[in-house]
Amino acid sequence: MFERQLPLNVAFCLILAPVFWGGNFVAGHFLGTALSGPTINLVRWLVALVVLVPLFLPAMMRHWAQVRASWLRLACLGALGVAGFNTVLYEGLRLASVSVAAIAFAVTPLIITVLATVLDRRIPPKRLIVGALIALLGMLAVQADALRAGVAPGGVALVLLAALIWAVYSVALRRGTGALPPGPGFLGQVLFGTMFLIPIVVFTRRPGEVAALSVQEWSALLYLGVFAAAVAFLLWQKGVAVAGPVTAGVFMNLVPLSSLVLGWAILGAPISPTEILGFTVVILGVALSTVPDGILLVRVRPAALAALSVLAIGAPSEVVAMVPL
1 MFERQLPLNV AFCLILAPVF WGGNFVAGHF LGTALSGPTI NLVRWLVALV
51 VLVPLFLPAM MRHWAQVRAS WLRLACLGAL GVAGFNTVLY EGLRLASVSV
101 AAIAFAVTPL IITVLATVLD RRIPPKRLIV GALIALLGML AVQADALRAG
151 VAPGGVALVL LAALIWAVYS VALRRGTGAL PPGPGFLGQV LFGTMFLIPI
201 VVFTRRPGEV AALSVQEWSA LLYLGVFAAA VAFLLWQKGV AVAGPVTAGV
251 FMNLVPLSSL VLGWAILGAP ISPTEILGFT VVILGVALST VPDGILLVRV
301 RPAALAALSV LAIGAPSEVV AMVPL
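Under the working numbering, the letters of the sequence shown match residues 1 to 325, in that order.
In structure tokens, the structure reads:
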């Protein structure tokens with residue numbers, strides 16, 4: 001049951017980690033003009049290793065037999081979650097705005113649910129199908145409006161690819177890292193992912209790009225490594241251990257929301273009424289599909305959400321122009 005209230009410190013962990021991950025979009029977009037996606041990702045994880053190695057290396061050495069037995073699984077997870085996801089996301093953020101990228105990424109919990117349903121060979125419930133269509137329509141409404149406004153379609157495509165990679169990584173992570181505890185298992189993923197990134201950066205880097213970074217750009221890289229990688233993972237691990245993966249997963253919807261707010265507050269990125277409407281439709285659709293009945297405080301009528309999503313996809317700019325905001 002879900003009546004038990006979360007301890008305040010656990011709720012704080014589950015809120016703060018997605019906020020840090022939301023800042024990942026802002027910092028990645030800010031750095032996109034100075035560094036390539038693979039370079040941003042490699043420097044980020046090198047910074048994170050400065051925090052993670054002292055914390056988890058002793059435990060990794062104590063579990064070395066399990067590390068050797070799980071090396072292939074750790075390598076695959078590192079290729080997906082460490083090397084692949086952030087590299088593709090940062091490349092997408094070089095071409096798309098923070099708001100457009102955040103709304104595209106908001107369908108990630110839905111993709112995770114769909115993948116898990118397919119892999120578990122279950123017949124998807126009607127609520128999942130309806131919610132999936134609503135979230136997809138909301139996301140398409142914003143992306144269609146953004147493309148008409150001149151946003152590069154490649155940026156949107158890369159962010160959606162990043163969302164798919166993260167969904168595959170999350171589903172694979174459900175199967176765990178063998179007998180390894182979470183801390184050493186995560187460190188193993190980061191070490192493998194970093195090794196995969198090094199040859200990519202050597203092949204794709206622009207000469208002198210790191211040496212020419214400003215103080216603000218180095219600060220953004222430090223944020224990515226310390227807070228968006230190391231600290232966010234530690235907070236999330238603590239929160240999931242107490243709240244469980246189902247309840248904790250609901251808090252992942254804070255990632256696109258915090259991206260939108262932080263992009264507006266830090267970069268001055270405007271949030272249009274169309275994006276607000278589309279984001280609302282996406283989150284309602286995702287919630288309808290992925291949030292257990294025990295967590296929902298009120299029953300939401302799928303027909304009402306479907307009508308709202310059709311309204312948004314039909315002519316979003318014209319519709320929101322009629323609403324006094």
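Heads up, the beta-carbon is just placed ideally off N, CA and C, and yes, glycines get one too. For clarity, every value in this text was computed on a predicted model and none was experimentally measured.
Which of helix, strand or coil DSSP assigns to residue i
i, result
"residue 109", "helix"
"residue 45", "helix"
"residue 217", "helix"
"residue 349", "Residue 349 cannot be examined here, being either before or after the span of the chain that is shown, 1 to 325."
"residue 35", "coil"
"residue 271", "coil"
"residue 198", "helix"
"residue 123", "coil"
"residue 205", "coil"
"residue 16", "helix"
"residue 58", "helix"
"residue 99", "helix"
"residue 135", "helix"
"residue 6", "coil"
"residue 210", "coil"
"residue 11", "helix"
For residue i, the first and last residue of its enclosing alpha helix (DSSP H)
i, result
"residue 91", "85-93"
"residue 73", "71-77"
"residue 256", "254-266"
"residue 242", "232-243"
Assumed close pair residue i, residue j - CB separation to whole angstroms, cut-off 8 Å
i, j, result
"residue 85", "residue 162", "6 Å"
"residue 193", "residue 83", "4 Å"
"residue 52", "residue 254", "No, residue 52 and residue 254 are not in contact; Cβ-Cβ is about 23 Å, not under 8 Å."
"residue 55", "residue 183", "7 Å"
"residue 112", "residue 70", "The Cβ separation is near 22 Å, so there is no contact."
"residue 104", "residue 160", "5 Å"
"residue 138", "residue 282", "4 Å"
"residue 117", "residue 167", "No, residue 117 and residue 167 are not in contact; Cβ-Cβ is about 12 Å, not under 8 Å."
"residue 14", "residue 243", "6 Å"
"residue 130", "residue 284", "That pair is no contact at about 11 Å."
"residue 256", "residue 157", "No, residue 256 and residue 157 are not in contact; Cβ-Cβ is about 17 Å, not under 8 Å."
"residue 38", "residue 87", "5 Å"
"residue 57", "residue 197", "The pair is not a contact, with the Cβ atoms about 20 Å apart (cut-off 8 Å)."
> Quick one: complete beta strand (DSSP E) runs, 3+ long, within the segment 145-184?
Replying inline: With a minimum length of 3 residues, no continuous beta strand (DSSP E) run stays inside the segment 145-184.
>> Does the contact criterion of 3 or more C-beta pairs under 8 Å hold for the segment 222-233 versus the segment 10-28?
In response: Touching, per the Cβ criterion.
>> Measuring CB atoms only, is the segment 215-231 touching the segment 91-104, in the sense that at least three cross pairs come out at less than 8 Å?
In response: No contact exists between the segment 215-231 and the segment 91-104.
> Is the segment 181-201 touching the segment 10-21, taking contact as three or more C-beta pairs under 8 Å?
Replying inline: Touching, no.
> Taking one C-beta from the segment 90-97 and one from the segment 29-46 each time, how about it: are there three or more such pairs within less than 8 Å?
Replying inline: With the cut-off at 8 Å, the segment 90-97 and the segment 29-46 touch.
> Does the pairing of the segment 69-77 with the segment 132-143 give three or more beta-carbon distances under 8 Å?
Replying inline: Short answer: they don't touch.
>> Would the segment 263-283 count as touching the segment 137-148 if we require 3 or more Cβ pairs under 8 Å?
In response: The segment 263-283 and the segment 137-148 touch, with no fewer than 3 CB-CB distances between them shorter than 8 Å.
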